[in-house]
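Chemist: Under my numbering, the first residue of the sequence shown carries the number 1, and numbering increases by one thereafter. We treat Cβ as the ideally placed atom computed from N, Cα and C, and that holds for glycine. Dumping the structure here so I can ask a few things about it.
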Amino acid sequence: MFKKILVAFDGSEPSKHALDYAADMAFLCKGTLIILTVVPRVNLPLYPDESSGTPIVFGQDLTKYQDRLKVLYKNSLTEAIKDVKENFPDLKIVDLFLEGRPSAIIIEEAERNGVDLIVLGSRGIGGISGWILGSTSRRVVDSCTKPVLVVK
């Protein structure tokens with residue numbers, strides 16, 4: 001039934017539950033599991049310099065923070081792949097590691113890879129920004145033409 005399943009994975013507990021569910025489904029359907037990790041681009045606001053009151057751009061510090069974030073996400077993805085391979089040694093796994101707006105990348109990759117199902121956790125690591133801007137899972141459900149399974 002589902003020959004290609006894309007699961008969005010960010011290392012959060014809900015995404016780990018989604019990964020477990022997607023791996024079970026892919027195994028039972030003898031399909032391919034595509035594990036997609038999207039590193040969100042950091043958009044930190046400007047802040048005033050206390051001495052002059054003028055805005056300061058983070059510049060190099062922002063780049064260092066983004067690089068650290070990539071390492072954390074990559075390590076989480078590597079660990080997840082290892083766990084899935086241990087539990088399902090015969091399962092075909094494709095991993096994707098991209099950077100950008102998670103909801104948009106998930107939808108684009110689902111279309112590009114011709115997936116039959118997208119699996120997402122109900123909440124990721126978006127925190128307060130996810131609450132204010134709307135969660136990734138909500139954006140994907142609202143914008144995607146593919147079947148979407150949201151795992152709690």
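Enumerate in chain order the residues of its own chain whose CB-to-CB distance from Leu69 is below 7 angstroms, with the five nearest sequence positions on each side excluded.
Modeler: Val39, Val42
Chemist: Around the Cβ of Thr136, are there at least 16 other Cβ atoms within 10 angstroms (buried) or fewer (exposed)?
Modeler: buried
Chemist: According to the neighbour-count rule (16 or more other Cβ atoms, all chains shown, within 10 Å of its Cβ), is Tyr65 buried or exposed?
Modeler: exposed
Chemist: Are the CB atoms of Ala22 and Val148 nearer to each other than 8 angstroms?
Modeler: Remark: C-beta atoms of Ala22 and Val148 do not approach each other more closely than 8 angstroms.
Chemist: Apart from the five residues just before and just after Val150, which ones in its own chain have a Cβ nearer than 6 angstroms to its Cβ?
Modeler: Cβ within range, chain order: Leu120, Ser122, Ser137.
Chemist: Please report the distance separating the alpha-carbon of Glu86 from that of Asn113.
Modeler: 25 angstroms
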